[in-house]
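Participant: The structure under discussion is supplied below as structure tokens; questions concerning it will follow.
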Amino acid sequence: MDKLALLKTQQLPRHIAIIMDGNGRWAQERGHDRLYGHLHGVESVRDIVEGCAELGIEALTLYAFSTENWLRPQQEVSGLMDLLVSTIYKEVPTLNKNNIRLHVIGDQSMMPDHAKAALAEAIELTSGNTGLNLIMALSYSSRWEIVEAAKKMAMDVRSGKIEVEDIHQDLFSQYLTTAAFPDPELMIRTSGEHRISNFLLYQMAYAELHFSPILWPDFRKEHLYDAILNFQGRERRFGKTGEQVKNEAGC
Ligand code: IPE
Ligand code: IPE
Ligand code: MG
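Right, dumping it as structure tokens:
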């Protein structure tokens, strides 16, 4: 069965967020060290980015490295950071060919200077693209982001740029690193773990969650299509009753 043909093109999520998990276990199952899993995870990233671009998805956020991941053994941290930054940089021609615009969210202050410079250049080189927005969450955590947003808002109140009374949910969103994008409608986590691990906590208030048992290095377009098909089969109620939702849809 061609899963792609089953997708309803009018009901695609505008923004998909993925927690790419299971690289370490994938490598260990094969008797290799964890970095070998991260290396193979890059293949999955390529396939899924291409898949989202082909579908015409507006935004794809990939959780590649959390602020908590800095706590891993030094050798894994530096190997993984180097791999991520060098891969992003090397992929720029492909991103440009596919009209994909790169964004990076996260606490860049924790990154080495050469990594910051390479990322800034990659972002700049893809800034004219108008297709898929590829948002790499690197050294990212949602609590960090929310606290940063609160600080910036407090400073804007202090300087008179905004009033306390102006603060509402939409304004709050504008202070988050994802301000330019719609909230994720579908969140996928691979490797059978059922948790959010400090990812887009504010933005995912109404995301549909899809947990896949596949380890990230094995995750391919067909698994993405499964997740989207599953998403399209759900009734999104946003607090209303199922009956209200059906009436509004004219069913
Ligand atoms: C996901 O794979 C990649 C990162 C978190 C950077 P893991 O490295 O967490 O793999 P497991 O969960 O240990 O298998
Ligand atoms: C979450 O994965 C972060 C990324 C995928 C980058 P982890 O594997 O680090 O998450 P926990 O710590 O097991 O929840
Ligand atoms: Mg993990």
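Per this note's numbering, the very first residue in the sequence shown carries number 47; after that it's consecutive.
Just so it is clear, CB atoms sit at the ideal spot from N, CA and C, and this is done for glycine as well.
(1) Do you know offhand how far glutamate 294's Cα is from proline 228's?
(2) Check this for me: beta carbons of glycine 83 and glycine 68, under 9 Å apart or not?
(3) Under a three-way DSSP split, which group does phenylalanine 277 fall into?
(4) Suppose the cutoff is 6 Å on Cβ atoms and the five residues either side in sequence are ignored; what does the same chain contact list for alanine 168 look like?
(5) Residue ranges of each beta strand (DSSP E) run of no fewer than 3 residues wholly in the segment 139–178, ordered along the chain?
(6) In terms of alpha-carbon separation, which member of Arg235, Glu231, Leu232, Asp202 lies closest to glutamine 220?
(7) For a test of your reading of the model: does the CB of methionine 66 fall under 8 Å from any non-hydrogen atom of ligand 2? Yes or no.
(8) Compare the C-alpha of aspartate 153 against each of Glu114, Gly177, Leu126 and name the closest.
(9) Across the segment 239–259 and the segment 184–197, are there enough close Cβ pairs to call them in contact, namely three or more that are closer than 8 Å?
(10) Does the beta-carbon of alanine 89, which I'm using as the reference point, lie nearer than 8 Å to any heavy atom of ligand 1?
(11) Given this structure, state the Cα-to-Cα distance separating asparagine 179 from threonine 224, to the nearest angstrom.
(12) Alanine 298 bridges to which residues according to DSSP?
(13) With three or more beta-carbon pairs closer than 8 Å as the criterion, would you say the segment 265–276 touches the segment 80–100?
(14) Are the C-beta of asparagine 175 and some C-beta of chain D separated by less than 9 Å?
(15) Any idea what DSSP makes of methionine 233, helix, strand or coil?
(16) So is the beta-carbon of asparagine 115 under 8 Å away from any non-hydrogen atom of ligand 5?
(17) Pull up the distance between the alpha-carbon of leucine 222 and that of lysine 197, whole angstroms please.
(18) Taking the alpha-carbon of glycine 174 as reference, which of Met157, Ala166, Asn142 has the nearest alpha-carbon?
(19) Please determine if the segment 252–268 and the segment 199–214 are in contact, where contact requires at least 3 C-beta pairs separated by less than 8 Å.
(20) For the putative contact between isoleucine 62 and leucine 106, defined by C-beta atoms under 8 Å, what is the C-beta separation to the nearest angstrom?
(21) Compute the Euclidean distance between the alpha carbons of aspartate 128 and alanine 253, then round it to the nearest angstrom.
(22) For a test of the three-state rule: what should DSSP assign to leucine 246, helix, strand or coil?
(23) Can you give the beta carbon distance from valine 131 to leucine 165, rounded, assuming they're within the 8 Å contact cut?
(24) Give the range of the beta strand (DSSP E) segment to which glutamate 294 is assigned.
(25) Between which two residues does the alpha helix (DSSP H) harbouring leucine 129 extend?
Facilitator: So, from the data block:
(1) In this structure, the alpha-carbon of glutamate 294 lies about 22 Å from that of proline 228.
(2) Cβ distance < 9 Å, so glycine 83 and glycine 68 count as in contact.
(3) Residue state, collapsed to three classes: helix.
(4) Residues Ile134, Tyr135, Val138, Leu148 of the same chain have their beta carbon placed closer than 6 Å to that of alanine 168, with the five preceding and five following residues left out of the count.
(5) If we require 3 residues or more, the beta strand (DSSP E) runs fully inside the segment 139–178 come out as 147–151.
(6) It is Asp202 whose Cα lies nearest to the Cα of glutamine 220.
(7) In this structure, methionine 66 has its beta carbon less than 8 Å from a heavy atom of ligand 2.
(8) If we check each option's Cα against that of aspartate 153, Glu114 comes out closest.
(9) Touching, per the Cβ criterion.
(10) Residue identity check: residue 89 is glutamate in the sequence provided, not alanine. Placement of the Cβ of glutamate 89 at a distance of 8 Å or more from every heavy atom of ligand 1 is found.
(11) Each residue's Cα considered, the two are about 11 Å apart.
(12) The chain is shown only over 47 to 297; residue 298 falls outside these bounds and no answer can be derived.
(13) Of all C-beta pairs linking the segment 265–276 to the segment 80–100, three or more are shorter than 8 Å, placing the two stretches in contact.
(14) Among the chains of the structure shown, chain D does not appear; only one protein chain is present.
(15) Looking at methionine 233 - three-state DSSP - the assignment turns out to be strand.
(16) For the structure depicted, ligand 5 is absent and the ligand set comprises only ligand 1, ligand 2 and ligand 3.
(17) Going by the C-alpha atoms only, they are around 11 Å apart.
(18) Cα-wise, what sits closest to glycine 174 is Asn142.
(19) At 8 Å Cβ cutoff, the stretches do not touch.
(20) Right, their Cβ atoms sit about 5 Å apart.
(21) Their Cα atoms are separated by approximately 31 Å.
(22) Three-state result, leucine 246: coil.
(23) The pair is a contact, with the Cβ atoms about 6 Å apart (cut-off 8 Å).
(24) From DSSP, glutamate 294 is part of no beta strand (DSSP E) but of the alpha helix (DSSP H) over 288–294.
(25) Start and end: 120–136.
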